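Numbering (the numbering used here), first residue to last: 198 to 579.
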């Protein structure tokens with residue numbers, strides 16, 4: 198089975214602390230392709246995933262999805278591409294990469310398209326971590342990288358957020374002198390809070406010598422905070438992830454991108470193959486061309502979020518001050534109890550993180566959906 202790995206990949210795995218026996222197991226897993234357990238997005242991202250049908254009139258605000266869906270231009274691009282579905286049409290991917298590169302002021306060789314951002318996140322774990330090269334991540338934070346790392350046998354170090362809900366970049370830098378990958382989701386999932394770019398810049402300059410800093414900017418457009426693509430342009434040891442699942446409303450369409458030096462992209466992409474879905478590439482390209490799409494949607498989400506926070510303030514509920522499309526609220530009892538009670542009211546909210554057992558995550562839905570959330574939440578919390 199090890200012949201699925203190149204000699205260079207095998208050598209690199211051994212340097213990161215994997216045994217020859219581990220190589221056989223990893224090669225067997227890679228042979229199964231998309232069947233890898235840690236490639237299973239529902240199992241990772243939606244630990245509170247709904248199984249079976251839900252009522253047609255239910256409110257589903259559990260998965261950080263954007264209820265606005267793809268913009269009209271993206272939808273039209275998808276419809277226009279359907280008849281070409283019998284062809285790979287690599288030119289659609291090239292066009293997307295060229296436009297993304299232009300907008301981020303990067304060379305096209307520094308940008309690679311993916312079907313969402315989960316695949317490059319998992320592949321980075323394969324490429325950069327190991328038993329002797331830990332993954333360093335936040336707690337609470339998005340667990341996909343940690344689940345993938347543990348699955349393949351890499352060490353995981355979880356660093357608590359600061360008291361003001363930022364990544365503790367100094368503690369993350371000091372977590373291990375041999376860190377392989379330091380994962381920053383900014384704004385953070387699940388808290389929706391931001392770590393200032395200046396602090397991330399400090400981490401990039403003061404990290405362990407051989408570590409790669411991965412900055413997951415899935416929610417950055419919603420926050421309006423400065424992006425970090427200039428770190429990539431400066432050839433830093435940085436990989437940036439973006440997805441079209443959030444502000445662009447394309448969670449089910451699957452389009453994303455990784456940005457990094459070509460050598461890092463080559464290493465990261467050595468564990469995947471195949472053409473991109475042409476509908477996703479056409480929709481992503483069309484979305485990038487709509488100049489006012491991001492600010493308009495940012496305002497819609499912020500207005501609804503602020504209205505929800507005003508409700509929580511009025512009734513003295515404690516929540517984390519998010520700038521994203523989700524927030525954490527303290528229900529003062531086991532969060533699972535509240536999740537189940539809300540479902541009985543036909544309102545499906547997100548999950549609980551082990552380190553914060555009394556907090557539940559709530560996605561910002563439409564104004565109408567959030568009014569239903571408010572009514573149900575008052576009833577459940579009474």
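By construction, the Cβ of each residue, glycine as well, lies at the ideal position given by its N, Cα and C atoms. Keep in mind the model is a prediction, meaning the values are calculated, not measured.
Q: Could you tell me if residue 206 is buried or exposed, where buried requires 16 or more neighbouring beta carbons within 10 angstroms of its beta carbon?
A: As a position in the chain shown, residue 206 is number 9, starting the count at 1. Flag for residue 206 reads buried.
Q: Consult DSSP for residue 275 and reduce its assignment to one of helix, strand or coil.
A: Start at 1 with the first residue of the chain shown, and residue 275 comes out as number 78. If DSSP states are grouped into helix, strand and coil, residue 275 belongs with the helices.
(Q) Determine whether the beta carbon atoms of residue 405 and residue 374 lie at a separation below 9 Å. (A) Against the chain shown, residue 405 aligns to sequence position 208. Against the chain shown, residue 374 aligns to sequence position 177. A contact, by the Cβ cut-off of 9 Å.
Q: Could you tell me which of 386, 433, 415 sits nearest to residue 403, measuring between CA atoms?
A: Here residue 403 refers to the residue found at position 206 when the chain shown is read from its first residue. Closest option to residue 403, Cα to Cα, is 433.
Q: State the DSSP-derived secondary structure class of residue 216, mapped to helix, strand or coil.
A: Counting from 1 along the chain shown, the entry for residue 216 is found at position 19. In the structure shown, residue 216 sits in coil (DSSP, three-state: anything other than H, G, I, E or B).
Q. Under the DSSP definition of a beta bridge, which residues are partnered with residue 558?
A. As a working note, residue 558 is residue 361 in the chain shown. Partner(s): 525.
Q: Would you mind reading off the limits of the alpha helix (DSSP H) that contains residue 287?
A: As a first step, residue 287 must be located in the chain shown, where it is residue number 90. Segment 287-301, the alpha helix (DSSP H) holding residue 287.
Q: Give the single residue among 353, 477, 570 whose Cα lies nearest to the Cα of residue 541.
A: Along the chain shown, read from residue 1 onward, the residue named residue 541 stands at position 344. Out of 353, 477, 570, 570 has the C-alpha closest to the C-alpha of residue 541.
**Q.** Contact under 9 Å by Cβ, residue 302 with residue 427
**A.** Working through the chain shown from its first residue, we reach residue 302 at position 105. Working through the chain shown from its first residue, we reach residue 427 at position 230. In this structure, residue 427 lies closer than 9 Å to residue 302 by Cβ.
Q. Distance, Cα to Cα, residue 476 vs residue 278?
A. Position 279 of the chain shown, counting from 1, holds the residue named residue 476. Position 81 of the chain shown, counting from 1, holds the residue named residue 278. Cα to Cα, residue 476 sits roughly 6 Å from residue 278.
Q: Go ahead and pull the three-state DSSP assignment for residue 393.
A: Within the chain shown, numbered from 1, the residue matching residue 393 stands at position 196. Coil, per DSSP.
Q. Taking 8 Å as the cut-off, does the CB of residue 458 come closer than this to any heavy atom belonging to the ligand SAM?
A. With respect to small molecules bound, the structure shown includes none, and the ligand SAM cannot be examined in it.
Q. So residue 462 is in the alpha helix (DSSP H); what residue range does that whole segment cover?
A. Counted from its first residue, the chain shown places residue 462 at position 265. Looking at the DSSP string, the run of the alpha helix (DSSP H) that includes residue 462 is 459-465.
Q | Where residue 355 falls: helix, strand or coil (DSSP) | A | Translated into the one-based positions of the chain shown, residue 355 becomes position 158. Looking at residue 355 - three-state DSSP - the assignment turns out to be strand.
Q: Specify the secondary structure class of residue 415 as computed by DSSP and reduced to three states.
A: Locating residue 415 in the chain shown gives position 218, where the first residue counts as 1. Looking at residue 415 - three-state DSSP - the assignment turns out to be coil, as it is neither helix nor strand.
Q.
To the nearest angstrom, how far is the alpha carbon of residue 505 from that of residue 287?
A. Residue 505 sits at position 308 when you count from the first residue of the chain shown. Residue 287 sits at position 90 when you count from the first residue of the chain shown. For residue 505 and residue 287, the distance between alpha carbons rounds to 43 Å.
Q. What is the rounded straight-line gap between the Cα of residue 267 and the Cα of residue 283?
A. The residue given as residue 267 occupies position 70 in the chain shown. The residue given as residue 283 occupies position 86 in the chain shown. Answer to the nearest angstrom: the Cα atoms are 23 Å apart.
Q: To the nearest angstrom, report how far apart residue 256 and residue 544 are at their CA atoms.
A: The sequence position of residue 256 within the chain shown is 59, counting from 1. The sequence position of residue 544 within the chain shown is 347, counting from 1. Those two C-alpha atoms are separated by around 5 Å.
Q.
With three or more C-beta pairs closer than 8 Å as the rule, is the segment 324-342 touching the segment 366-382?
A. yes
Q: Report the three-state DSSP secondary structure of residue 316 (helix, strand or coil).
A: Working through the chain shown from its first residue, we reach residue 316 at position 119. Of the three classes helix, strand and coil, the one that applies to residue 316 here is helix, per DSSP.
Q.
Distance check for residue 490 and residue 330, CA to CA, integer angstroms please.
A. On the chain shown, residue 330 is found 133 positions in, with the first residue counted as 1. On the chain shown, residue 490 is found 293 positions in, with the first residue counted as 1. Each residue's Cα considered, the two are about 40 Å apart.
Q) Hey, out of 270, 318, 310, 573, whose CA is closest to residue 478's CA? A) As a position in the chain shown, residue 478 is number 281, starting the count at 1. With distances taken between Cα atoms, residue 478 lies closest to 310.
Q. When the Cα of residue 473 is compared with those of 210, 293, 409, 364, which residue comes out closest?
A. Mapped onto the chain shown, residue 473 falls at position 276. Checking every option, the nearest Cα to that of residue 473 belongs to 293.
Q: Please classify residue 445: is it buried, with 16 or more other beta-carbons within 10 angstroms of its beta-carbon, or exposed?
A: Looking up residue 445 in the chain shown gives position 248. Looking at its Cβ environment, which holds 16 or more other Cβ atoms inside 10 Å, residue 445 is buried.
**Q.** Backbone CA spacing between residue 326 and residue 425 [nearest angstrom]
**A.** Taking the first residue of the chain shown as 1, we reach residue 326 at position 129. Taking the first residue of the chain shown as 1, we reach residue 425 at position 228. Residue 326 and residue 425: Cα-Cα distance of roughly 22 Å.
Q. Who are the Cβ neighbours of residue 462 in its own chain at under 6 Å, not counting the five residues just before and after it?
A. The residue given as residue 462 occupies position 265 in the chain shown. So the list reads 309, once near-sequence residues are dropped.
**Q.** Host alpha helix (DSSP H) of residue 280 (start-end)
**A.** Indexing the chain shown from 1 puts residue 280 at position 83. It is not in any alpha helix (DSSP H) - residue 280 carries neither H nor E in the DSSP assignment.
Q. Who does residue 379 pair with in a DSSP beta bridge?
A. For the purposes of this step, residue 379 is taken as the residue at position 182 of the chain shown. Answer is 333, 410.
Q: Less than 8 Å between the CB atoms is what I'm expecting for residue 526 and residue 556, so what's the real figure, rounded?
A: For the purposes of this step, residue 526 is taken as the residue at position 329 of the chain shown. For the purposes of this step, residue 556 is taken as the residue at position 359 of the chain shown. Contact holds; Cβ gap of about 7 Å.
(Q) Just to confirm the assignment, what range does the alpha helix (DSSP H) spanning residue 485 have? (A) Here the question's residue 485 lines up with position 288 in the chain shown. Unbroken alpha helix (DSSP H) run through residue 485: 475-485.
Q. Near residue 469, what residues of its chain come up, given a Cβ to Cβ distance below 7 Å and the 5 sequence neighbours on each side ignored?
A. In the chain shown, counting from the first residue as 1, residue 469 sits at position 272. The answer, listed in chain order, is 316, 320.
Q. Rounded to a whole number of angstroms, what is the C-alpha to C-alpha distance between residue 602 and residue 217?
A. Residue 602 is absent from the structure shown; the chain starts at 198 and stops at 579.
Q) Hey, quick one: how far does the alpha helix (DSSP H) through residue 496 stretch, first residue to last? A) The residue labelled residue 496 in the question sits at position 299 within the chain shown. Residues 490-511.
**Q.** Span of the alpha helix (DSSP H), counted from its first residue to its last, around residue 201
**A.** Against the chain shown, residue 201 aligns to sequence position 4. Per DSSP, residue 201 belongs to no alpha helix (DSSP H) and is neither H nor E.
Q: Measure the Cβ-Cβ separation of residue 409 and residue 437 and say whether it is below 9 Å.
A: To locate residue 409, count along the chain shown from 1; it is residue 212. To locate residue 437, count along the chain shown from 1; it is residue 240. Not a contact, by the Cβ cut-off of 9 Å.
Q) Does the distance from the C-beta atom of residue 354 to that of residue 372 stay below 9 Å? A) Against the chain shown, residue 354 aligns to sequence position 157. Against the chain shown, residue 372 aligns to sequence position 175. Taking 9 Å as the Cβ cut-off, residue 354 and residue 372 qualify as a contacting pair.
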